[in-house]
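Protein chains in written order, with this note's numbering: chain U, 905 to 1434; chain Y, 905 to 1434.
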């Protein structure tokens, strides 16, 4: 146990910014110059987690009797504060992540973040997300309701919109009625700290329990596993690497604690010869934008392109290769992202993928890696499907060229679960039979299927599924993005059987005071029961 | 590998009743006389599972293009056949389980089973269960859809309504579009075989893939774990003992395969002094009926009664004790149920529970155990909460007498997750403040909360939650009983992003050909999109 020095950042536990009970410290890196940032963050000992869990347990209990309207106001107040603090947040995030200040951070991710919080507030206010269901004959009523404290592990690639105390998991957990213990991503702890300050201020202003938001920067692996499996916890939301995520999953599963993971995904994109003959350069443009945007560091980055051998496919590859070579490579989020990318590319090459452009070692002087395009044949892929699905997170993609539709389908049949799958085809419908065959293989493998559109750009929509079969996520039935669906992850189903009317939660009372959509005897309605 | 003899029962794989590839054999016991039944069932080797998985994979693929209407007709045809075969089914189940032919098997469980299948058929036909969601502005549409082959492990206590090829899991899995591999419960394999015959006949009559229903009687533990974690499988439904269920859960979790478990539950029933003063004898009657019905072998059997020390509580205990002593003890399902019950009672006594009536060894000559009532104080319970939550499955219950409401609430706070929790109180509302305190502790611990009503009797209702926090089940968000909710367990969420209209599944087409309830831009409606 080391002694905290004065210039160290403090953890937020039970409404207090206090010195951490720490095991050690760490400093984040500025990826634009590969230099350590002059801020020191604690690696918390278990006692910090333990105190946070106790405070969250009390907060969860209090929240059960706080009106949804108050929780909604907290989320809206927080959204306002985020917009007011925009410049500070953007500066901090740029320094820690190297993501472009504009448009990315200031004009895309920040508005997305505040809008997400407001959408969650609206869902919380109405209560329709909870699928209130009433069987008047049986005298039974049910709805989803708060589950208990939620721990959120945010990823490195969205410091705002997926941030542990600002992003979609946070918004969903709070809107479902649960306090959040945020575990900052170690690559942008200062950004996360600024959000926690704003959230705490919003909690104070709206009269919420202060432990509605707590913040720890890092723990060791054993304490992380202890945290997600603790009896006091309701559930965990995790977005990040597969390796770390699976270790947390094993611990949570063993304790019977729900954990929602967003892990790896190569996001296969099928492009038919017809599509390329019809609009090849347009598709090259779509692809380049999608794969190089944010230096390819999106969960839905198109890391695997599936083509059928012919001239138009050759032309596509050549064109992408040229565009990769002639595009500046962007800044990556951290030294480890750069080194992991180099390792993955080397692995794919070792398996026999042909390097068309890029590759090699990470750049010196900043976190960056050459835009990289690899290719292999359908036959080679089928010889080592697991190996060729190695995720290369960043500005890289692997093109698999199949002999024909049959081999393409066989390739798809060997894919793991993915977040997304795309099919580009000729607009005249001439390829519909082949596309039906392809879709019937691809759809069961993915959470979201797209036509004629790249997978990056995860709209915050009621119909979004940012999820998918394992190992893209831990459960094929839940989405991490979109309201109302994302709230259901942090809720328990409760049935009220023969409960006296004065004891029913407001969502299930005859009067329907919140005008929620309710399924009453098989009919969805916002009406009261008369 | 032993050679199958001619009088051995056959497994149902891919539409064929064929000799099992077997490791060994077993014979069920007639619990009314403790004698082995003269029918021999195979313990399948892995190759049976492997073939079943392959056939189910093909069936799942075919089912994706079979109209929901056809699947619904299969379920209805099967329900009809079950009613026609009632006498045979009741005879077989009585012989294997000892459950009363009437009313239990013939007049309660059998109609429940066929009605459940018809309710699932109706849900399948409309598609509303799949929560079709359309965001017209974003061009994204989503719904739940078939997940892949489902393996169902049925429990011993409901040979019809929870049977692996006849019960709620079967109905839900099929209605969601998935074929089922049934793993019969070893205590009633012949009953299960009769159901599989009827299901196969219904599949043939309605033109469904024959592998929509397959049947294996038993495997060894390792093969069971291999089965639930196989890449070809979509999910597993399991109802049974905690020990076996947790072993399957560990295997499935590791492979990222959803598994829905219904494990143990003691179903706490709180009865206030006011309730007992007002209507003590009526509540004694409710309790006796609930705890001794079906010889106490219900998942929701009231195994834990929580009282507050006073004269009316003493009177309740005395009255129950007398009624237990004067009621014949029913037949238990199997020799292992009887011996496990004796072991649990002994364990509770070893922890310090006081035996008021019953106890001892199982009866000789049939599977039975004396009606057993135990008691302990709140203080003792709090000294060993885990021990005193030992489930005693059968005609037994433990009464905990707390000093006051505070201690009662503290006791509840130490409970594990349960399927149900009940609160009986005075009808004049004079105890509402105490009940609010009790409910705030109890509700988060249970899947279904009841007032003034015992927990047995799990209505097949849209608002039912037959589920609850771990270890009652494996996930707090799902119900095993009730339509439409139970179908969601066997479904994956799929988002259709920018999908060409002719490629959308019928549920998501503008025309809404099935008149399903759909959430369109935040409004639930059965209308088409014009």
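Just so it is clear, CB atoms sit at the ideal spot from N, CA and C, and this is done for glycine as well.
Residue i burial status per 10 Å Cβ neighbour count (16 or more: buried)
{"i": "residue 1092/Y", "result": "buried"}
{"i": "residue 1041/Y", "result": "exposed"}
{"i": "residue 1232/Y", "result": "exposed"}
{"i": "residue 1068/U", "result": "buried"}
{"i": "residue 1082/U", "result": "buried"}
{"i": "residue 1046/U", "result": "buried"}
{"i": "residue 1276/U", "result": "buried"}
{"i": "residue 971/Y", "result": "exposed"}
{"i": "residue 905/U", "result": "Confidence is the limiting factor: at residue 905/U the pLDDT is only 43, short of 50, which leaves the residue's position unreliable, though a coordinate-based value still follows. Classification of residue 905/U: exposed, given that the 10 Å Cβ count is below 16."}
Boundaries of the beta strand (DSSP E) in which residue i is found, first to last residue
{"i": "residue 1401/Y", "result": "1395 to 1401"}
{"i": "residue 930/U", "result": "926 to 930"}
{"i": "residue 1049/Y", "result": "1044 to 1050"}
{"i": "residue 1352/Y", "result": "1350 to 1355"}
{"i": "residue 913/Y", "result": "Where residue 913/Y is concerned, there is no enclosing beta strand (DSSP E), given that its DSSP letter is neither H nor E."}
{"i": "residue 1302/U", "result": "1300 to 1306"}
{"i": "residue 1261/Y", "result": "1258 to 1261"}
{"i": "residue 1122/U", "result": "Run containing residue 1122/U: none; DSSP gives neither H nor E here."}
Among the options, the one whose alpha carbon lies nearest that of residue i
{"i": "residue 1315/U", "options": "1334/U, 986/U, 1344/U", "result": "1344/U"}
{"i": "residue 1172/Y", "options": "1151/Y, 1348/Y, 1022/Y, 929/Y", "result": "1348/Y"}
{"i": "residue 1033/Y", "options": "1387/Y, 985/Y, 1097/Y", "result": "1387/Y"}
{"i": "residue 1384/U", "options": "1039/U, 1367/U, 1291/U, 1400/U", "result": "1367/U"}
{"i": "residue 1002/Y", "options": "1249/Y, 1192/Y, 1061/Y, 1028/Y", "result": "1061/Y"}
{"i": "residue 1184/U", "options": "931/U, 978/U, 1328/U", "result": "1328/U"}
{"i": "residue 1096/Y", "options": "1186/Y, 989/Y, 1121/Y, 1107/Y", "result": "1121/Y"}
{"i": "residue 954/U", "options": "1260/U, 925/U, 979/U", "result": "925/U"}
{"i": "residue 1374/U", "options": "1150/U, 1338/U, 949/U, 1240/U", "result": "1150/U"}
{"i": "residue 1029/Y", "options": "1015/Y, 1136/Y, 988/Y, 978/Y", "result": "978/Y"}
{"i": "residue 1263/Y", "options": "1417/Y, 1352/Y, 1229/Y, 1203/Y", "result": "1229/Y"}
{"i": "residue 1197/U", "options": "1036/U, 1235/U, 1170/U", "result": "1235/U"}
{"i": "residue 957/U", "options": "943/U, 922/U, 1084/U, 975/U", "result": "1084/U"}
{"i": "residue 1168/U", "options": "1019/U, 1369/U, 1324/U", "result": "1324/U"}
{"i": "residue 1317/Y", "options": "1290/Y, 1346/Y, 1340/Y, 1331/Y", "result": "1346/Y"}
{"i": "residue 1086/U", "options": "1214/U, 1302/U, 1055/U", "result": "1055/U"}
{"i": "residue 1050/Y", "options": "966/Y, 952/Y, 1396/Y, 1256/Y", "result": "1396/Y"}
{"i": "residue 1356/Y", "options": "1424/Y, 922/Y, 1333/Y, 936/Y", "result": "1333/Y"}
Which residues DSSP lists as bridging residue i, in chain order
{"i": "residue 1328/Y", "result": "1175/Y"}
{"i": "residue 945/Y", "result": "930/Y"}
{"i": "residue 1141/Y", "result": "1056/Y, 1164/Y"}
{"i": "residue 1039/Y", "result": "1044/Y"}
{"i": "residue 1369/Y", "result": "None; residue 1369/Y has no bridge partner."}
{"i": "residue 921/Y", "result": "916/Y"}
{"i": "residue 1012/Y", "result": "Note: residue 1012/Y sits in no beta bridge, so no partner."}
{"i": "residue 1275/Y", "result": "According to DSSP, which records beta bridges pairwise, residue 1275/Y is partnered with nothing at all."}
{"i": "residue 1209/U", "result": "1173/U, 1303/U"}
{"i": "residue 1101/Y", "result": "Note: residue 1101/Y sits in no beta bridge, so no partner."}
Closer than 8 Å to chain B by CB, residue i
{"i": "residue 1400/U", "result": "Absent here is chain B; the protein component of the structure consists of chains U and Y."}
Extent of the continuous alpha helix (DSSP H) to which residue i belongs
{"i": "residue 886/U", "result": "There is no way to answer for residue 886/U, as the model of chain U reaches only from 905 to 1434."}
{"i": "residue 1055/U", "result": "It is not in any alpha helix (DSSP H) - residue 1055/U instead sits in the beta strand (DSSP E) that spans 1054 to 1057."}
{"i": "residue 1086/Y", "result": "Careful: residue 1086/Y lies outside any alpha helix (DSSP H), inside the beta strand (DSSP E) at 1084 to 1087."}
{"i": "residue 1241/Y", "result": "1239 to 1254"}
{"i": "residue 950/Y", "result": "950 to 967"}
Proximity test, residue i beta-carbon vs the ligand ADP heavy atom, cut-off 7 Å
{"i": "residue 1013/Y", "result": "Absence of the ligand ADP is noted for the structure shown, with no ligands found whatsoever."}
Q. In chain order, what residues of the region 1022 to 1045 of chain Y put their CB closer than 7 Å to some CB of chain U?
A. 1037, 1038, 1039, 1042, 1044, 1045
Q: Closer than 7 Å, Cβ to Cβ, to anything on chain U: give me those residues from the region 1138 to 1152 of chain Y, in chain order.
A: none
Q | Contact list for the region 1112 to 1126 of chain U against chain Y, Cβ threshold 7 Å | A | none
Q) Using Cβ-Cβ distances below 7 Å, what residues of the region 934 to 963 of chain U are close to chain Y? A) none
Q) If contact means a Cβ-Cβ distance below 8 Å, which residues of the region 1404 to 1419 of chain U contact chain Y? A) 1404, 1406, 1407
**Q.** Against chain U: residues of the region 1355 to 1377 of chain Y by CB proximity under 7 Å
**A.** 1355, 1356, 1357, 1363, 1365, 1366, 1367, 1368, 1369, 1371, 1373, 1374, 1375
Q | Proximal residues, the region 986 to 1011 of chain U versus chain Y, C-beta separation under 9 Å | A | none
Q) What residues in the region 1273 to 1292 of chain U bring their beta carbon closer than 9 Å to a beta carbon of chain Y? A) none
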